[in-house]
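Following: one structure in structure tokens, then a few remarks.
Protein chains: 2
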Amino acid sequence: MARDRTKLTEGEVQAFVQSHPGWALAGGMLKKTYGFADFRAAMAFVNRVADAAEAADHHPDIDIRYNNVTLALQTHDAAGLTARDTALAAQVERFA
Amino acid sequence: MARDRTKLTEGEVQAFVQSHPGWALAGGMLKKTYGFADFRAAMAFVNRVADAAEAADHHPDIDIRYNNVTLALQTHDAAGLTARDTALAAQVERFA
Numbered sequence: 002m003a004r005d006r007t008k009l010t011e012g013e014v015q016a017f018v019q020s021h022p023g024w025a026l027a028g029g030m031l032k033k034t035y036g037f038a039d040f041r042a043a044m045a046f047v048n049r050v051a052d053a054a055e056a057a058d059h060h061p062d063i064d065i066r067y068n069n070v071t072l073a074l075q076t077h078d079a080a081g082l083t084a085r086d087t088a089l090a091a092q093v094e095r096f097a
Numbered sequence: 002m003a004r005d006r007t008k009l010t011e012g013e014v015q016a017f018v019q020s021h022p023g024w025a026l027a028g029g030m031l032k033k034t035y036g037f038a039d040f041r042a043a044m045a046f047v048n049r050v051a052d053a054a055e056a057a058d059h060h061p062d063i064d065i066r067y068n069n070v071t072l073a074l075q076t077h078d079a080a081g082l083t084a085r086d087t088a089l090a091a092q093v094e095r096f097a
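Going down the list, the protein sequences come from chains A and B. Take any residue in the first sequence, note its place counting from 1, add 1, and you have its number in the working numbering. Take any residue in the second sequence, note its place counting from 1, add 1, and you have its number in the working numbering.
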């Protein structure tokens, strides 16, 4: 199945950021840092994100700093942000 | 139990790096990037590292980039590198 490589407009990205607290545009990527009670809770979140990423075949950058997890999303084959990024970001919001 | 905060000497760090391919000193941390066949294999490694980190109560920074995982170790309460860092680094080598 061909992937949709249509880039989001600036307005669409801004609308997403404004309606999803903590998410921001940084270096062309959608980023958010999630804080947890401890490392174990952070890893539980990372594994849920990993399962969702595999299911979507869309993999965020994941940085683990003890109880903090930063996700960064971009659609590499579109060289920008697409609906695949905002869809995964909205999905992982429910895991935190 | 009190933790040993004795810093490794420069010679001890160099000896570790020279005897453990891929590990390097960068920004005061011991770092290595491991490559895997795919994201799933990378996550399996991350989870083994996470279990070892919890058991040792010593948590590396973990950066996941699809099939590549970068670990960075430092002993924060010693503000440097200690035997706890090289012990965990040597342990995770067996997981890759």
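Glycine included, each C-beta is placed from N, C-alpha and C at the ideal position.
Item, Value
"Cβ contact check for the stretch 73-88 of chain A and the stretch 38-54 of chain B: 3 or more pairs under 8 Å", "no"
"Bridge-paired residues (DSSP) for A/T71", "A/T34 and A/D64"
"Residues bridged to B/L1 (per DSSP)", "Residue coverage of chain B in this structure runs from 2 to 97, which leaves residue 1 of chain B outside it and unanswerable."
"CB contact flag (B/H59, B/D86, <9 Å)", "yes"
"Outcome for B/T7 when other beta-carbon atoms lying within 10 angstroms are tallied against a minimum of 16", "exposed"
"Alpha helix (DSSP H) segment containing A/A97, residue limits", "That residue, A/A97, is in no alpha helix (DSSP H); it is neither H nor E in DSSP."
"A/N68 versus A/L9: straight-line alpha-carbon distance, rounded", "31 Å"
"Residues in the stretch 15-47 of chain B having any Cβ partner in chain A nearer than 7 Å", "F40, R41 and M44"
"Nearest candidate by alpha-carbon position, reference B/D52, set A/M44, A/E55, A/A53 and A/A56", "A/M44"
"Alpha carbon of A/E94 to alpha carbon of A/G81, nearest angstrom", "21 Å"
"As assigned by DSSP and simplified to three states, the class of B/L9", "coil"
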